[in-house]
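All residue numbers for the sequence shown refer to my numbering, where the first residue is 3 and numbers rise by one. By construction, the Cβ of each residue, glycine as well, lies at the ideal position given by its N, Cα and C atoms. Please read all numbers here as calculations on a predicted model, not as lab measurements. Take a look at the structure below.
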Amino acid sequence: MIPLTVTTPEASGLWTEKCRRTAFLLDMTGEALSEEGWMQVERPAPENRVFSGRSPKNISFMRNAAEAGQSLRHDSACACCVGRPALVSRLLSLVQERARGQCAFFRHIALVVSADQQGTVTEGLKASSLLENLLSPEMER
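Printed below as a string of structure tokens:
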């Protein structure tokens, strides 16, 4: 599993150079954080910075489609993707990009959120059944 640390802008500035070299910085605050030393930095568009604890819709249709021999290709309105929080979607695609060699092979994700969102985001990510076997979210103290 890939370690994911939910941190604040202030705490992310305290990461050592050694830790930054192998970490992907995902800045959800929009603040002007230093990019110095991070393996890769991403700042999503404002509309994609919102985290919602909504759970994804039931995906039992996928099992039924597989049993019927139907394609499991995802369309823009598929039931397993609609209703998924933008942050969860981005983290899933980031792990896929890493596996495909489409981005730097980071060993850690630093997710920067505001201090008042830190606990909520951490708990929401821990509760995500889509991320539970890919990432190990922890809140930086």
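Check: Quick one, which of Val43, Ser131, Gln119 has its alpha-carbon nearest Val90's?
Finding: As a working mapping, residue 90 is identified with position 88 in the sequence shown. Looking at the Cα atoms, Ser131 is the closest of the given residues.
Notebook entry, point to check: Is it the case that the Cβ atoms of Leu136 and Val97 are separated by a distance below 9 angstroms?
Noted result: Locating residue 136 in the sequence shown gives position 134, counting from the first residue. Locating residue 97 in the sequence shown gives position 95, counting from the first residue. Yes, these two residues count as a Cβ contact at 9 angstroms.
Notebook entry, point to check: Who are the near neighbours of Phe107 in its chain, counting only those whose CB is closer than 7 angstroms to its CB and skipping five residues on each side?
Noted result: For this step, residue 107 is matched to residue 105 along the sequence shown. Closer than 7 angstroms at Cβ, skipping near neighbours: Arg100.
Notebook entry, point to check: Name the DSSP bridge partner or partners of Glu44?
Noted result: Within the sequence shown, the letter at position 42 stands for residue 44. In DSSP, Glu44 forms a bridge with Leu28.
Notebook entry, point to check: Since Leu133 contacts Leu28 with CB under 8 angstroms, what's their CB separation in whole angstroms?
Noted result: Your numbering for residue 133 matches position 131 in the sequence shown. Your numbering for residue 28 matches position 26 in the sequence shown. Actually they do not touch by this definition, with Cβ atoms about 13 angstroms apart.
Next item on the list: Could you pull out every residue in the same chain whose Cβ sits closer than 7 angstroms to the Cβ of Pro46, ignoring the five residues on either side in sequence?
Entry: As a position in the sequence shown, residue 46 is number 44, starting the count at 1. Same-chain partners within the cutoff: Met30, Arg92.
Checklist line | Distance CB(Met3)-CB(Ser138) smaller than 9 angstroms | finding: As a working mapping, residue 3 is identified with position 1 in the sequence shown. As a working mapping, residue 138 is identified with position 136 in the sequence shown. The answer is yes: Cβ separation under 9 angstroms.
Next item on the list: Confirm the yes/no value for this check: CB of Glu125, any heavy atom of the ligand COA, distance under 8 angstroms.
Entry: The ligand COA is not part of the structure shown, which contains no ligands of any sort.
Margin query: Give me, in chain order, the residues of the same chain whose beta-carbon lies closer than 7 angstroms to that of Glu33; leave out the 5 immediate sequence neighbours on both sides.
Written below: Position 31 of the sequence shown, counted from the first residue, corresponds to residue 33. The residues are Pro11.
Check: Going by other Cβ atoms of all chains shown within 10 Å of its Cβ, with 16 needed for buried, is Pro87 buried or exposed?
Finding: Numbered from 1 along the sequence shown, position 85 holds the residue referred to as residue 87. The residue is buried, with at least 16 neighbouring Cβ atoms inside 10 Å.
Note to self: With a threshold of 6 angstroms on Cβ separation, who are the neighbours of Gly39 within its own chain once the five nearest residues in sequence on each side are excluded?
What the structure shows: The count along the sequence shown starts at 1 and reaches residue 39 at position 37. Glu19, Arg22.
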